[in-house]
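Single-structure report; data block below.
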Ligand SMILES: Cc1cc2nc3c(=O)[nH]c(=O)nc-3n(C[C@H](O)[C@H](O)[C@H](O)COP(=O)(O)O)c2cc1C
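Numbering (the working numbering), first residue to last: 4 to 188.
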């Protein structure tokens, strides 16, 4: 099979990781893939913040858990209450994607950049997972200090985030819906 299609179809959301840090060359290949994503009016409005520092990861985890506790979603509340759980599955690296608030299509730009990074990671044998709570944690009024500690400029908004790490399991694919395509010839 074509290698790109293979990486796209074999990518899974990983929720267990090895603790080993990403090799520099793997991380830079993933970031390069993100930077080569398309963007509205070629604005490339994004900033990719890679968090590998354990203390900072701990602070992000605590902030995410606050958001999860306030979510009203039972599963998230239970997970946040578990002191051993991690909002990003103890992945060794988090990539936070933010964009200039004045960009025309920042939501789309950030999401496609993260998607490119997920596929690039898969092609390198690295697992990944979208982590939704990070956005809420850093954009909440009490997330300001942590956002600044993460060196994300105030004029930038966090739109999405992904956990990255070497795989320690091979999750099976979630079933895909049928009948989602209309081809009009
Ligand atoms: C916008 C978005 C938000 C998501 N948020 C989370 C999340 O917070 N935590 C998580 O474990 N997975 C999250 N996911 C991953 C989905 O659960 C996953 O993509 C879906 O179950 C399909 O599985 P697959 O990625 O293995 O194909 C998110 C995915 C998207 C696109």
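All C-beta atoms in this analysis are idealised placements derived from N, C-alpha and C, irrespective of residue type, glycine included.
If residue i sits next to residue j, beta carbons under 8 Å apart, how far is it from one beta carbon to the other, in whole angstroms?
i, j, result
"residue 54", "residue 97", "4 Å"
"residue 134", "residue 52", "Between residue 52 and residue 134 the Cβ distance is about 13 Å, and since that is not below 8 Å, they are no contact."
"residue 176", "residue 15", "6 Å"
"residue 67", "residue 114", "That pair is no contact at about 19 Å."
"residue 64", "residue 89", "5 Å"
"residue 101", "residue 161", "5 Å"
"residue 34", "residue 169", "With 8 Å as the limit, residue 34 and residue 169 do not qualify as a contact, their Cβ atoms being about 17 Å apart."
"residue 32", "residue 123", "6 Å"
Helix, strand or coil for residue i per DSSP?
i, result
"residue 15", "coil"
"residue 101", "strand"
"residue 69", "helix"
"residue 129", "strand"
"residue 169", "strand"
"residue 26", "coil"
Buried or exposed: where does residue i fall if 16 or more other Cβ atoms within 10 Å of its Cβ makes it buried?
i, result
"residue 71", "buried"
"residue 121", "buried"
"residue 86", "exposed"
"residue 187", "exposed"
"residue 95", "buried"
"residue 130", "buried"
How about residue i and residue j: do their beta carbons lie closer than 7 Å?
i, j, result
"residue 107", "residue 44", "yes"
"residue 82", "residue 10", "no"
"residue 48", "residue 145", "no"
"residue 92", "residue 37", "no"
"residue 159", "residue 103", "yes"
"residue 149", "residue 62", "yes"
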